[in-house]
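Colleague: One structure follows; several queries about it will come next.
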Amino acid sequence: MHIDYWSGNLLWEQGYITAVVDWEEAAYGDPAIDVAYSRMDMIVSGLGHVAEIFLQNYEAEMGRRVANLGLWELAAAARPMFNQPWRFATSPGREHFRAFIADAKQRASLG
């Protein structure tokens, strides 16, 4: 897993991802954390609809649902509180982040 999979670590050409950079935190584990972290980036950026499309496409490619996504989203939400506090200083970002956490809590409670 990449552990820092977000739009700032993707290189694009003509609408396609051509590379993923910044691998110094990569580790072995559940790739669902990358799905969760990427979705959080999209939602906090005001692209909730893109986050849903991303999840649908990811699950379609994998042939299964992402297990424990709500729990992984809560884990992803803990990281930027310490690493990127500037990102949540503006009202829209802060509100989107709070909505992401509320949705993740709901998703986690459903299993």
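So the sequence shown is residues 596 to 706, counted in this note's numbering.
Even glycine gets a Cβ: it sits at the ideal position worked out from N, Cα and C.
Source: prediction; values computed, not measured.
1) For methionine 637, count the other beta carbons within 10 Å of its own beta carbon; 16 or more makes it buried, fewer makes it exposed. Which is it?
2) Find the nearest neighbour of isoleucine 648 within the set Pro675, Arg634 and Val616, judged by alpha-carbon distance.
3) Quick check: alanine 631 and alanine 670, are their CB atoms within less than 9 Å of each other?
4) Going by C-alpha to C-alpha distance, which of Gly603, Asp599 and Leu606 sits closest to alanine 621?
5) Could you please give the first and the last residue of the uninterrupted alpha helix (DSSP H) stretch that includes tyrosine 632?
6) Any idea what DSSP makes of tryptophan 607, helix, strand or coil?
7) Assign isoleucine 598 to one of three DSSP states: helix, strand, or coil.
8) Is valine 711 helix, strand or coil by DSSP?
9) So does the region 658 to 673 actually touch the region 686 to 699, counting three or more Cβ pairs closer than 8 Å?
10) Following the continuous alpha helix (DSSP H) through valine 645, name the residue where it begins and the one where it ends.
11) How should alanine 627 be labelled, buried or exposed, when 16 other C-beta atoms within 10 angstroms of its C-beta is the threshold for buried?
Modeller: Answer, in terms of the structure:
1) Under this definition methionine 637 is a buried residue.
2) Residue Arg634 is the option with its Cα nearest to isoleucine 648.
3) Result yes, Cβ atoms of alanine 631 and alanine 670 sit closer than 9 Å.
4) The candidate whose alpha carbon is nearest that of alanine 621 is Asp599.
5) Element bounds for tyrosine 632: 627 to 639.
6) In the structure shown, tryptophan 607 sits in a strand (DSSP, three-state: E or B).
7) Assignment of isoleucine 598 by DSSP, reduced to helix, strand and coil, places it in the coil class.
8) The chain is shown from 596 up to 706; residue 711 falls before or after that span and cannot be answered.
9) Contact annotation: the region 658 to 673 touches the region 686 to 699, with at least three C-beta pairs closer than 8 Å.
10) Valine 645 -> alpha helix (DSSP H) spans 643 to 657.
11) In this structure alanine 627 is buried. Its beta-carbon is surrounded by 16 or more other beta-carbon atoms within 10 angstroms.
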